[in-house]
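Visitor:
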Amino acid sequence: MANQGSRRLVIDADVVHSAGETDHPISSACRRFLETMLDVGHQVVMTDAIMTEWRNHLSRYSRRWRRQMYGRRRVYRIEMQKERDNNLRKRIDQAVHRDQRAIVAKDVHLIEAAIATDRLVTSKDESARGAFKDASDGVVDLQQIVWVNPTQDEETPIDWLQNGARTEAHRMLGA
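Per the working numbering, the very first residue in the sequence shown carries number 947; after that it's consecutive.
1) Looking only at its own chain, which residues have a Cβ that is under 6 Å from the Cβ of Glu1058, when we skip the five neighbours before and after it?
2) Could you give the first and the last residue of the continuous beta strand (DSSP E) run that contains Thr1068?
3) Quick one: what's got a C-beta closer than 7 Å to Gly1120's C-beta in the same chain, skipping five residues either side?
4) Is the beta carbon of Arg1117 closer than 8 Å to that of Val1086?
5) Taking 8 Å as the threshold (C-beta atoms), are Ile1024 and Ser991 in contact?
6) Measuring alpha carbon to alpha carbon, tell me which residue in Lys1070, Ala1041, Gly1076, Asp1039 is nearest Ala965.
7) Within a Cβ cutoff of 7 Å, which residues of the same chain sit near His1055, ignoring the five residues on either side of it in sequence?
8) Pull the bridge partners of Val1094 from the DSSP assignment, please.
9) Taking the CB atoms as reference points, tell me whether Ala959 and Thr1097 lie closer together than 8 Å.
10) Near Leu1107, which residues of its chain fall below 8 Å by C-beta distance, leaving aside the five closest residues on each side in sequence?
11) From the DSSP secondary-structure annotation, give me the bridge partner or partners of Leu955.
12) Among residues of its own chain, excluding the 5 on either side of Ile957, which ones have a beta-carbon nearer than 7 Å to its beta-carbon?
13) On the criterion of 16 or more Cβ atoms from any shown chain inside 10 Å, does Pro1103 qualify as buried, or is it exposed?
14) Just to confirm the assignment: which complete alpha helix (DSSP H) runs, minimum length 4, are found wholly within the segment 997-1075?
15) Measuring CB to CB, does His970 end up less than 8 Å from Ser1005?
16) From the DSSP output, read off the bridge partner residues of Met1118.
Pasting the structure below:
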């Protein structure tokens, strides 16, 4: 069981894909993030859509990490009757520029899972973050979503995890 102070994080497939055992800066940053998440006791959010996306993108390291997360009961499975929120999708689609629609459509399932849990998303996708940030002016549900990129040192992702993955205003899409 996860500890009392644990938070539920939605992890994009781009993070688990990049997390490897090499010394490459992106690989090691993603690996350190996942290791810290495991050590601190946070949970990973899993939906059918996330599981499907991950299935095609897990690195060897990430497969081991996922097994450890299941073994420690730190996978928060969402069995939502209505995993897709068509109303939310429509509002986001209307709020973004048409050039951004494909970008948000690819990752809107992350937002849906975040809204259903602790509103925390971890992704390397800066285009998606920018598109959702742009849409947050017109979609209040997006404003409180925290988006952290584990490869951006200036975001101090490891410290953030170690300090409880708090909802900090400067990390929110509506900031």
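For every residue, glycine included, the Cβ atom is placed at its ideal position computed from N, Cα and C.
Guide: Walking through what the data contain:
1) For the purposes of this step, residue 1058 is taken as the residue at position 112 of the sequence shown. Result list for Glu1058: Asp1031, in chain order.
2) Here the question's residue 1068 lines up with position 122 in the sequence shown. Start and end: 1066-1068.
3) Against the sequence shown, residue 1120 aligns to sequence position 174. A distance below 7 Å between beta-carbons, with the five flanking residues on each side excluded, links Gly1120 to the following residues of its chain, in chain order: Ser1082, Leu1088, Gln1089, Gln1090.
4) As a working mapping, residue 1086 is identified with position 140 in the sequence shown. As a working mapping, residue 1117 is identified with position 171 in the sequence shown. No, they are not a contact pair.
5) Here residue 991 refers to the residue found at position 45 of the sequence shown. Here residue 1024 refers to the residue found at position 78 of the sequence shown. In the sequence under discussion, the amino acid at residue 991 is Val, which differs from the Ser named in the question. If you check the CB distance, Val991 and Ile1024 come in under 8 Å.
6) Mapped onto the sequence shown, residue 965 falls at position 19. Nearest Cα to Ala965 within the set Lys1070, Ala1041, Gly1076, Asp1039: Lys1070.
7) Within the sequence shown, the letter at position 109 stands for residue 1055. A distance below 7 Å between beta-carbons, with the five flanking residues on each side excluded, links His1055 to the following residues of its chain, in chain order: Thr993, Ala995, Ile996.
8) Looking up residue 1094 in the sequence shown gives position 148. Its beta-bridge partners are Thr1068.
9) For the purposes of this step, residue 959 is taken as residue 13 along the sequence shown, with counting starting at 1. For the purposes of this step, residue 1097 is taken as residue 151 along the sequence shown, with counting starting at 1. It is not a contact, given that the beta carbons lie outside the stated cut-off.
10) By one-based count along the sequence shown, residue 1107 stands at place 161. Answer for Leu1107: Phe979, Thr982, Met983, Val986, His988, listed in chain order.
11) Numbered from 1 along the sequence shown, position 9 holds the residue referred to as residue 955. Paired residue(s): Val990.
12) Position 11 of the sequence shown, counted from the first residue, corresponds to residue 957. In the same chain as Ile957, and ignoring 5 residues on each side of it, the C-beta atoms closer than 7 Å to its own belong to Val990, Thr1068, in chain order.
13) Here the question's residue 1103 lines up with position 157 in the sequence shown. By the 10 Å Cβ count, Pro1103 comes out buried.
14) Correct list: 1006-1017, 1032-1041, 1047-1062.
15) On the sequence shown, residue 970 is found 24 positions in, with the first residue counted as 1. On the sequence shown, residue 1005 is found 59 positions in, with the first residue counted as 1. No; because the gap between Cβ atoms is not below 8 Å, this pair is not in contact.
16) Locating residue 1118 in the sequence shown gives position 172, counting from the first residue. BP columns for Met1118 point to Val1092.
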